[in-house]
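Chemist: Everything in the sequence shown is counted per this note's numbering, starting at 3 for the first residue and increasing by one. Have a look at the structure that comes next, please.
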Amino acid sequence: MLNALEVVTTVIVGVMVGVEFSVAFIMNRILDALPEDSGQLGHAHGGRMLGALMPFWYIGSLVLSAIWAVAGWHHGGAGLVVTAAGLLIVSVVMSMLLLVPINNRNRTWTPENRPADWKQQLHRWNRYHYVRVAVIIAAFTLLVAALA
């Protein structure tokens, strides 16, 4: 049973990392290359879609990692899993304090109501997101290492 939990947790965190990496390094570049209104509308739509899904994914990843840490406490790699769970906590706190407030504003913007500094706000979100991606990649790496 522990092996199944380890694999499921690692896959779920790994797919989350892939989605967030894609947002950071692929989707945002595609959206930024579109004409201004189209790009901004795409960012808003992405904020609504992923803003609805990602909280469950982040919290679910954290919960699965915590269960793995407790269930595997006396097995090899427990320290790696605890550290990974700690990093996932950091990613959730970062999200709630830094990224979600910007996203909550962004997802309601249209060309008619967006603020004058909308591009600066999206650039700030991207900078925070790059850091968050690094944090969850580190967590994923530790989970993979704990499988060995």
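The beta carbon of each residue, even a glycine, is placed where N, CA and C say it ideally should be.
Less than 8 Å between the beta carbons of L64 and L90, yes or no?
Modeler: For the purposes of this step, residue 64 is taken as the residue at position 62 of the sequence shown. For the purposes of this step, residue 90 is taken as the residue at position 88 of the sequence shown. Yes, the Cβ-Cβ distance between L64 and L90 is below 8 Å.
Chemist: Using DSSP with H/G/I as helix, E/B as strand and the rest coil, what is P103?
Modeler: Within the sequence shown, the letter at position 101 stands for residue 103. Three-state result, P103: helix.
Chemist: Would you mind reading off the limits of the alpha helix (DSSP H) that contains F1?
Modeler: Not covered by the structure: residue 1. The range shown for the chain is 3 to 150.
Chemist: Can you tell which of T12, G49, L145 and T85 has its C-alpha closest to the C-alpha of N30?
Modeler: What you label residue 30 is simply residue 28 of the sequence shown in a count that begins at 1. Among T12, G49, L145 and T85, the Cα nearest to that of N30 belongs to G49.
Chemist: In terms of residue numbering, what span does the alpha helix (DSSP H) encompassing P117 cover?
Modeler: As a first step, residue 117 must be located in the sequence shown, where it is residue number 115. No alpha helix (DSSP H) contains P117, which DSSP labels as neither H nor E.
Chemist: Return the residue from the list I104, W75, V83 and Y132 that minimises the CA-CA distance to Q123.
Modeler: By one-based count along the sequence shown, residue 123 stands at place 121. It is I104.
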